[in-house]
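Student: Here's a structure for you.
Here it is as C-alpha cells:
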C-alpha cells in the first residue's frame, strides 16, 4: 500500500485521465463507451491499487460545472460581487440580469442549475416586486438562493418555492461577504458530481472530496513561479474537451473587490474542443474576425466540417482567440482584463498535446494586433506535462 504522506492525484477530464504519483505522470485517452471508473481501473488499476483510499485525491471537469443565472440590483455591487463569488466556486454563469431592466431580458430555454438573487444592504427593504416573481415563473431551474437584504428575505421566501436564504453578500460597509454563498455553491457542485453516476463511482477508490479541476488549478497559481519562468501579471488558459478556463492575476482588473483570493478564474462552459465542439464553432461563426483568422491560418470555414488532426488544431487555436476576445474590451462579457499589461500567458490542459508554442504565439500575436491594435507580445509558456495541476492537487 501507499507510503506515508504519498498521494495519488487523479484528474478526470472530459477527454483524458491524468494520474500523478511521486514518480511520474501518466495520461490516458478516455473510452467514452465505458463507465469512468471501469475505464480508469482497466488503464491504471495497477497504480491505483498501491494506494489507500485516504491517499487518493481526485478532481474532475468531466461534469462541465453548474450553469447559473444571477439577478442583481446594481452592476457596481450586487451583480459584481455575486459574479465574483460564483466564478471562484467553479460555477458557469450563463447570464446576469440587472433587476431594474428585468422585463427586457429574454428567458433562457435551457435548465439552469442555480439562480442567485441579490440586492440591497440590510438597512434597505421592499426592493423586489412582482416583475421578479413573474420572470422566475417562466424560468426552468433546479435551485434558487437569496443573498440580498435580510429585511427582504422573509417576503421573497414567501413568494418563491424552495428558496434557500443565506446571509447578505454585501455588508454595511459595502464589502463582499463571500463564505456563505461560496460554501453553498461549492456544495451544489459536489452534489452535482454525486448525481453523475459514473463520477459518483469514483468514491469507491477515494475517501476524499472530489473537487472541480478549475478550483485545484487556481490553488496552484500562487506557487507557479517556483516551477515556471512566469512574470507577473499573467493569465493561464486551461483548454480541454468540454470547457475553457481562464485564471488571472488580480492586478489585471481595476475592480478592487475585497476577497481572500489572489487569483480569480472564469469558466467558459461552451468553449471546449470535443464535448463542446458545436458551441465552439457557433461562437466562432458569430465572431466578426473569425474568417480573417481562418484566412491567416490558410484554411476556409470548411474546416468546421472536417474530422482531422488539422481541424482539431484549428479549433484549439480558435478557442484561444475567442476566450481572449471574451476578456477584452472587444466583448463586454464577464470582465475586462488589462491585457496590454500581461507579461506571460501560461497554457495548460489538453491543448498542450495538440499545439506547439509557435502555433499558440501566432494566435496571440494575431489577437493583440487585430483586436488591441498593439505589437505587445506576452511570453507563452506551455505546461505540457500538467505540472500546474499537480501543484494545486498536492495543496488541496
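In the working numbering, the protein residues as written are 152 to 547.
For glycine and all other residues, C-beta sits at the position ideal for the given N, C-alpha and C.
Taking a contact to mean a Cβ-Cβ separation below 8 Å, would you say residue 263 touches residue 244 in this structure?
Tutor: For residue 263 and residue 244, no; Cβs fall outside 8 Å.
Student: Which same chain residues end up closer than 7 Å to residue 302 when comparing Cβ atoms and leaving out the 5 residues on each side of it in sequence?
Tutor: Result list for residue 302: 273, 275, 276, in chain order.
Student: What number of angstroms, rounded off, separates the C-alpha of residue 253 from the C-alpha of residue 539?
Tutor: If I take the Cα positions, the gap works out to 41 Å.
Student: Within its chain, find whatever has a CB closer than 6 Å to the CB of residue 294; leave out the 5 residues flanking it on each side and keep chain order.
Tutor: So the list reads 265, once near-sequence residues are dropped.
Student: Whose C-beta lies closer than 8 Å to the C-beta of residue 532 among residues of the same chain, with five residues either side of it excluded?
Tutor: Excluding residues within five positions, the ones whose Cβ falls inside 8 Å are 379, 380, 381, 495, 496, 497, 498.
Student: Mapping DSSP to helix, strand and coil, what is residue 292?
Tutor: In the structure shown, residue 292 sits in a strand (DSSP, three-state: E or B).
Student: Leaving out five residues before and five after residue 409 in sequence, what residues of the same chain have Cβ atoms less than 7 Å from its Cβ?
Tutor: Note on residue 409: pLDDT 45, under 50, position unreliable in the model; no value is reported.
Student: With distances taken between CB atoms, is the gap from residue 296 to residue 320 smaller than 8 Å?
Tutor: Against a cut-off of 8 Å, the Cβ pair of residue 320 and residue 296 comes out as no contact.
Student: In angstroms, rounded to a whole number, what distance separates the CA positions of residue 468 and residue 511?
Tutor: Answer to the nearest angstrom: the Cα atoms are 7 Å apart.
Student: Can you say whether residue 520 is buried or exposed, counting buried as having 16 or more other CB atoms within 10 angstroms of its CB?
Tutor: Exposed: under 16 other Cβ atoms inside 10 Å.
Student: By the DSSP assignment, the beta strand (DSSP E) with residue 220 in it spans what residues?
Tutor: First-last of the beta strand (DSSP E) with residue 220: 217 to 223.
Student: Please return the same chain residues whose Cβ sits closer than 7 Å to the Cβ of residue 282, not counting the five positions on each side in sequence.
Tutor: If we look at residue 282 and ignore the five residues flanking it on each side, its Cβ neighbours are 253, 254.
Student: Near residue 323, which residues of its chain fall below 8 Å by C-beta distance, leaving aside the five closest residues on each side in sequence?
Tutor: Once the five neighbours on either side are set aside, the close Cβ partners of residue 323 are 272, 273, 274.
Student: Starting from residue 266, trace the beta strand (DSSP E) both ways and give me its first and last residue.
Tutor: It spans 263 to 269 - the beta strand (DSSP E) in which residue 266 sits, taken as one unbroken run.
Student: Identify whether residue 538 lies in helix, strand or coil by the three-state DSSP scheme.
Tutor: Note: residue 538 maps to helix in three-state DSSP.
Student: Tell me the start and end of each unbroken alpha helix (DSSP H) in the region 152 to 208 that is at least 4 residues and wholly inside, in chain order.
Tutor: As far as the region 152 to 208 is concerned, its whole alpha helix (DSSP H) runs of at least 4 residues are 187 to 199.
Student: In chain order, what residues of the same chain lie with their CB nearer than 7 Å to the CB of residue 183, ignoring the 5 residues before and after it?
Tutor: Nothing meets the Cβ criterion.
Student: Just to confirm, is the Cβ distance from residue 195 to residue 179 under 8 Å?
Tutor: Cβ atoms of residue 195 and residue 179: closer than 8 Å.
Student: Determine the direct distance from the alpha carbon of residue 331 to that of residue 563, and round the result to whole angstroms.
Tutor: Missing from the structure shown is residue 563; the chain here goes from 152 to 547 and no further.
Student: Could you round the C-beta distance between residue 536 and residue 176 to whole angstroms and report it? I think they count as a contact, below 8 Å.
Tutor: About 6 Å separates the two Cβ atoms, so the contact holds.
Student: Short of 7 Å in beta carbon distance, which residues of its chain neighbour residue 355, apart from the five on each side in sequence? Order them along the chain.
Tutor: Closer than 7 Å at Cβ, skipping near neighbours: 188.
Student: Helix, strand or coil for residue 450? Go by DSSP, reduced to three states.
Tutor: Residue 450 falls in the coil class under three-state DSSP.
Student: Using 10 angstroms around the beta-carbon of residue 218, count the other beta-carbons present and answer buried if the total reaches 16, otherwise exposed.
Tutor: By the 10 Å Cβ count, residue 218 comes out buried.
Student: In angstroms, rounded to a whole number, what distance separates the CA positions of residue 507 and residue 442?
Tutor: Taking the straight line joining both Cα atoms gives about 22 Å.
Student: Can you list, in chain order, the stretches of the alpha helix (DSSP H) that have 4 or more residues and sit fully within the region 504 to 534?
Tutor: Within the region 504 to 534, the complete alpha helix (DSSP H) runs of at least 4 residues are 508 to 521.
Student: Could you spell out where the alpha helix (DSSP H) holding residue 369 opens and where it closes?
Tutor: Start and end: 364 to 371.
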